[in-house]
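First the structure, in the form of structure tokens, and then the observations on it.
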Amino acid sequence: MTTTGADRDALGVRAGSWWWWGRRRSVVLDAGLALVSALECAVEGVGFAEKASLPVPVGVVFGLIVGSVLLVRRRWPIGVVLVSMAVAPAEMGFLMGIVGLYTLAASEVPRRITAVLASMSTVAVFVVTVVRMRQDVAQADAGQQDFDPSGWYVPVMSLFMTLGLNAPPVLFGLYIGARRRLMESLRERADSLEQELSLLADRAEQRAQWARQEERTRIAREMHDVVAHRVSLMVVHAAALQAVALKDPQKAVRNAALVGDMGRQALTELREMLGVLREEAVPAAPAVVPLAAVGRAAAAAAEAAADDGPRLDALEVLCEQSRLAGAVVEFVVLGEARAYPPEVERTAYRVVQEALTNVHKHAAGAEVVVRLAHREAEVAMQVENGPRPSGEGGSDVRLPSGGNGLVGMRERVSRIGGVFVSGATDAGGFRVSAVLPTGE
Numbered sequence: 009m010t011t012t013g014a015d016r017d018a019l020g021v022r023a024g025s026w027w028w029w030g031r032r033r034s035v036v037l038d039a040g041l042a043l044v045s046a047l048e049c050a051v052e053g054v055g056f057a058e059k060a061s062l063p064v065p066v067g068v069v070f071g072l073i074v075g076s077v078l079l080v081r082r083r084w085p086i087g088v089v090l091v092s093m094a095v096a097p098a099e100m101g102f103l104m105g106i107v108g109l110y111t112l113a114a115s116e117v118p119r120r121i122t123a124v125l126a127s128m129s130t131v132a133v134f135v136v137t138v139v140r141m142r143q144d145v146a147q148a149d150a151g152q153q154d155f156d157p158s159g160w161y162v163p164v165m166s167l168f169m170t171l172g173l174n175a176p177p178v179l180f181g182l183y184i185g186a187r188r189r190l191m192e193s194l195r196e197r198a199d200s201l202e203q204e205l206s207l208l209a210d211r212a213e214q215r216a217q218w219a220r221q222e223e224r225t226r227i228a229r230e231m232h233d234v235v236a237h238r239v240s241l242m243v244v245h246a247a248a249l250q251a252v253a254l255k256d257p258q259k260a261v262r263n264a265a266l267v268g269d270m271g272r273q274a275l276t277e278l279r280e281m282l283g284v285l286r287e288e289a290v291p292a293a294p295a296v297v298p299l300a301a302v303g304r305a306a307a308a309a310a311e312a313a314a315d316d317g318p319r320l321d322a323l324e325v326l327c328e329q330s331r332l333a334g335a336v337v338e339f340v341v342l343g344e345a346r347a348y349p350p351e352v353e354r355t356a357y358r359v360v361q362e363a364l365t366n367v368h369k370h371a372a373g374a375e376v377v378v379r380l381a382h383r384e385a386e387v388a389m390q391v392e393n394g395p396r397p398s399g400e401g402g403s404d405v406r407l408p409s410g411g412n413g414l415v416g417m418r419e420r421v422s423r424i425g426g427v428f429v430s431g432a433t434d435a436g437g438f439r440v441s442a443v444l445p446t447g448e
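Residue numbers (our numbering): 9 to 448.
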């Protein structure tokens with residue numbers, strides 16, 4: 009069995025002390041074959057020396073040297089075949105020729121070279137066999153006049169003998185070489201598939217981690233939008249209640265009722281969202297569910313819960329709640345109102361809601377203008393407040409801020425392909441604008 013070029017490359021460092029052999033048993037096999045071939049050629053060298061009128065020791069030494077060439081069959085298979093053809097007229101090296109042809113056919117030598125050398129070896133063996141058989145037949149049947157050794161018998165028998173010696177090692181070598189290359193190809197393909205699977209697993213883990221982070225962000229945004237606005241208004245009303253409790257008891261009672269109503273609304277919305285999350289995110293039957301799948305289900309549940317929430321027609325109520333909290337809010341509608349996809353209406357509502365919440369947090373008492381424009385293929389909204397008044401009109405209620413309001417609005421608008429812009433105005437106020445495509 010011979011090793012291919014890929015095998016030699018893979019084993020060159022590990023088996024450097026064994027020259028071109030990859031394993032110890034390969035050395036033992038080749039040394040054994042070379043020894044047998046050398047002994048065979050040495051015995052045949054006796055007859056060659058007698059026919060060539062040479063001393064017998066010369067023929068024996070010549071045979072030993074020729075037969076030992078089989079030791080390098082794995083490294084130089086072409087050289088082994090050429091030597092076997094060269095000594096074929098001396099009727100030497102039959103084992104060397106058979107093993108050499110097998111090694112050549114099983115190696116990585118180009119098939120054209122293999123075919124040419126196999127054909128040349130077959131012709132050489134055929135010619136030598138024909139000559140030898142003619143001599144034998146002529147000597148055995150010299151007294152018989154009715155038998156012609158130059159007829160069909162000698163060529164046919166020589167052809168059969170030649171093919172019997174050369175065809176099996178060549179065919180078997182081709183089979184072994186093809187099988188070895190197939191195994192190498194399968195191993196390489198298996199290694200490639202293993203690497204691809206490992207890469208896909210890494211990418212899947214990265215996508216799962218990204219999905220978990222994305223869903224956590226979405227859920228946090230939903231919770232923030234649902235609770236922050238109403239809680240902010242509750243804090244504003246509580247501050248107003250504290251200020252007028254002794255001066256105007258009736259107004260204090262109204263503010264207390266508003267605080268209670270808003271607290272109940274906030275709790276109701278929070279309870280509904282958590283209930284839907286609990287129903288949708290947890291499987292009914294015990295099962296192992298990936299965290300990313302739970303996150304996606306949770307976000308979908310949160311959005312599903314928000315589908316039943318307020319729409320654009322509730323913006324007037326939203327503005328009225330801010331007015332009751334003491335803010336001066338003007339609501340302007342441009343264009344003809346019409347129905348939009350739920351996600352568009354929900355996003356528009358949440359943008360206005362969060363913008364008003366920021367006004368209560370950072371510019372309490374400032375005048376606010378809320379504009380809603382219905383256009384051909386989009387809907388635009390803008391919330392602009394003036395500078396924060398000084399003195400009594402700008403009382404500080406110390407509302408906490410996490411700095412996520414503008415980020416959440418931008419994420420919502422970008423998610424449906426809209427444009428979001430925010431920034432300070434020249435008058436010292438702040439403006440939030442968003443344009444949402446309606447998909448029409």
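All residues carry an ideal CB built from backbone N, CA and C; glycine is no exception. The model shown is predicted, which means the values in this text are computed figures rather than measured ones.
Which residues bound the alpha helix (DSSP H) around residue 42?
32-59
Pick from 342, 416, 330, 386: whose alpha carbon is nearest that of residue 375?
330
Should residue 168 go down as buried or exposed, given a rule of 16 or more other Cβ atoms within 10 Å for buried?
exposed
Are three or more beta carbon pairs between the region 332-349 and the region 200-218 nearer than 8 Å?
no
Does the Cβ-Cβ distance between residue 29 and residue 82 come in under 8 Å?
yes
Which same chain residues end up closer than 7 Å to residue 357 when comparing Cβ atoms and leaving out the 5 residues on each side of it in sequence?
318, 319, 320, 322, 323
Beta-bridge pairing of residue 102 - partner residues as DSSP gives them:
Answer is none; residue 102 lacks a bridge partner.
Counting along the chain, where does the beta strand (DSSP E) carrying residue 334 start and finish?
Run containing residue 334: none; DSSP gives neither H nor E here.
Residue 272 in three-state terms, based on DSSP:
helix
Let me make sure I understand the geometry here. Which of 445, 108, 373, 96 has the alpha-carbon closest to that of residue 349?
445
Residues in the same chain with beta-carbon distance under 8 Å from residue 340, minus the five sequence neighbours each way, listed in chain order, please.
377, 378, 379, 380
Local Cβ density within 10 Å of residue 129, reported as buried at 16 or more and exposed below that:
buried
Please confirm whether residue 430 and residue 440 have their CB atoms less than 8 Å apart.
yes
Quick check on the DSSP output: the alpha helix (DSSP H) that includes residue 85 runs from which residue to which?
85-94
Local conformation of residue 142 per DSSP, three classes
helix
Quick check on the burial criterion: 16 or more other C-beta atoms within 10 angstroms. Buried or exposed for residue 166?
buried
Would you check if there are 3 or more beta carbon pairs closer than 8 Å linking the region 111-121 to the region 94-103?
no
Which residue or residues does DSSP assign as beta-bridge partners of residue 196?
Answer is none; residue 196 lacks a bridge partner.
Local conformation of residue 430 per DSSP, three classes:
strand
According to DSSP, is residue 377 helix, strand or coil?
strand
Alpha-carbon to alpha-carbon, residue 346 and residue 395:
33 Å
Identity of the residues DSSP links to residue 393 by a beta bridge:
376, 438
Give every residue of the same chain whose Cβ lies closer than 6 Å to the Cβ of residue 67, excluding the five residues on either side of it in the sequence, and list them in chain order.
53, 54, 56, 57
Is residue 117 helix, strand or coil when you go by DSSP?
coil
So, at 6 Å on beta carbons, what are the nonlocal neighbours of residue 427 in its own chain, with the 5 sequence-adjacent residues on each side left out?
443
Along the alpha helix (DSSP H) that carries residue 69, what are the first and last residues, could you check?
64-76
CA nearest to the CA of residue 142, picked from 162, 134, 125:
162
Distance CB(residue 450)-CB(residue 177) smaller than 8 Å
Since the first residue shown for the chain is 9 and the last is 448, residue 450 is missing from the structure and cannot be characterised.
In the DSSP output, what is residue 382 paired with across the bridge?
387
CA-to-CA distance, residue 191 to residue 202, given in whole angstroms:
16 Å
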